[in-house]
Amino acid sequence: MPLFDHFRFLAPIYRYLVPAPKPDDLQRALELPISGALLDVGGGTGRVTAQFVGQVGQVVIADPSTAMLRQAMDHPRLHPVAAPAELLPFADTVFERIVMVDALHHFQDVENALHELLRVLTPEGRLLIQEPDWRKWTMRLVSWGEKIALMEPQPYPPETIVEMVRRAGARAHCMESGGHTVWIVAEKGVADNAATDRIAGEMQG
Ligand SMILES: C[S@@+](CC[C@H](N)C(=O)[O-])C[C@H]1O[C@@H](n2cnc3c(N)ncnc32)[C@H](O)[C@@H]1O
């Protein structure tokens with residue numbers, strides 16, 4: 000557990016500090032619209048998924064920081080829930096989509112969190128993880144900054160995240176999202192990861 004609750008202090012200014020990702024790109028990667036529910040894990044103020052209201056049946060935001068969630072409470076169609084990714088208070092297979100933007104490297108126990116995410120994802124559902132591309136020097140500076148600020152980041156390279164998702168039992172591949180971030184896209188079902196790698200390679204190149 001970090002010594003200090005950084006997000007309590009960042010919450011009121013977070014949306015001004017960090018620009019939200021472009022909605023069109025995420026929307027395509029998440030294959031929206033859908034009629035089912037979308038879960039935004041580590042969704043904080045809701046600035047990312049507020050953009051998808053109207054394209055999904057329901058938006059639920061799970062985050063342990065009540066200060067971050069308080070900002071999301073102003074939005075009439077966001078449903079904030081105070082919970083860590085490692086212990087989600089939801090039944091099995093209820094979310095058709097799960098998105099996680101810039102949050103995974105803040106988790107205490109990534110392996111456990113990934114099991115929880117796959118537990119609550121529907122069998123045909125899709126999980127999209129957006130993380131900073133730590134291979135870029137600008138992002139390495141961010142990681143050092145977070146270490147100095149005692150945020151205890153876990154800057155896993157994308158291949159490691161793909162491996163962890165696969166170990167948790169899903170098909171997964173990494174996609175370049177452009178800029179300074181990467182996407183890890185995961186789907187449940189029988190894990191034919193060799194085929195998934197082939198398709199991802201063809202899509203990108
Ligand atoms: C950098 S912010 C990103 C917030 C949001 N995804 C966005 O892009 O606006 C990271 C978020 O992860 C949350 N977080 C930290 N540890 C977490 C955990 N174990 N489970 C879920 N969320 C967590 C923090 O409270 C914070 O809101």
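Per numbering that gives the first Met the number 0, residue 0 is the first one in the sequence shown, and the count goes up by one each step. The C-beta atom is built at its ideal place from N, Cα and C for all residues, glycine as well. None of these values were measured; they are calculated from a predicted model.
heavy atom of ligand 1 below 7 Å from residue i C-beta
i    : result
E85  : yes
T210 : Absent from the structure is residue 210, since the part of the chain shown begins at 0 and ends at 204.
A102 : yes
H105 : yes
V40  : yes
D62  : yes
T137 : no
V47  : yes
T92  : no
F89  : no
T180 : no
F8   : no
G144 : no
8 Å Cβ cutoff, residue i in contact with chain B
i    : result
L149 : Absence of chain B from the displayed structure is noted, only one protein chain being present.
Three-state class that DSSP yields for residue i in the structure shown
i    : result
I97  : strand
E115 : helix
A61  : strand
A36  : strand
H74  : coil
V109 : helix
T44  : coil
P22  : helix
Q50  : helix
A81  : strand
Residue closest to residue i, alpha-carbon to alpha-carbon, out of the options
i    : options               : result
P63  : R76, R7, C173         : R7
E186 : E85, T65, L113, Q57   : L113
L31  : R69, V98, Q153        : V98
P156 : R170, E130, K21, W143 : E130
R76  : V58, E151, S142       : V58
Complete beta strand (DSSP E) runs within the segment 134-194 (minimum length 3 residues, chain order): Taking only runs of at least 3 residues, the beta strand (DSSP E) segments lying wholly in the segment 134-194 are 170-175, 180-186.
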